[in-house]
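Before any comments, here is the structure.
Residue numbers (the UniProt record's numbering): 1 to 147.
Rendered as structure tokens:
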């Protein structure tokens, strides 16, 4: 029986679990990360203009996007014996309480070396309107094939 890596090809899609941040989950993330920036806690502060940007209320931490992508990768690769090795992300637009975000990824390359086997993915997080809120690239490692 072939293992997961030997049948993996560019174009393989990975879909994550939707996440709907609430005011409470945003506050809890502030506490867990020790990041009490008023962007995430104070609606009155967020009524102000930030350069050309007006958020109109609190926004979720960008690192929450990182977390939903990480969960997607781990949920996919860990049961196959693999691990997440690298994740780079860029935040595109803010996520607000009440939004629903869903991570996804597409394998862009696979390669085997003497020591291991690797897959690279383009990843993104979309909101309920289909807007891209985060993009990036990830690398996962699969265990070396045993003979």
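From the three backbone atoms N, C-alpha and C, an ideal C-beta is built for every residue, glycine too.
Outcome for residue i when other beta-carbon atoms lying within 10 angstroms are tallied against a minimum of 16
i	result
residue 21	buried
residue 128	exposed
residue 138	buried
residue 14	buried
Reduced DSSP category for residue i - H, G, I as helix; E, B as strand; rest coil
i	result
residue 65	helix
residue 148	No answer is possible for residue 148: it lies beyond the span of the chain, which begins at 1 and ends at 147.
residue 60	coil
residue 115	coil
residue 20	coil
Within 8 Å, strictly: CB atoms of residue i and residue j
i	j	result
residue 140	residue 11	no
residue 110	residue 60	no
residue 17	residue 71	yes
residue 26	residue 42	no
residue 130	residue 91	no
Pairwise C-alpha distance: residue j and residue i
i	j	result
residue 1	residue 145	With a pLDDT of only 41 at residue 1, under 50, the local geometry of the prediction cannot be trusted, and no value is derived from it.
residue 4	residue 100	30 Å
residue 113	residue 64	33 Å
residue 38	residue 31	13 Å
residue 86	residue 134	16 Å
residue 44	residue 104	34 Å
residue 125	residue 75	16 Å
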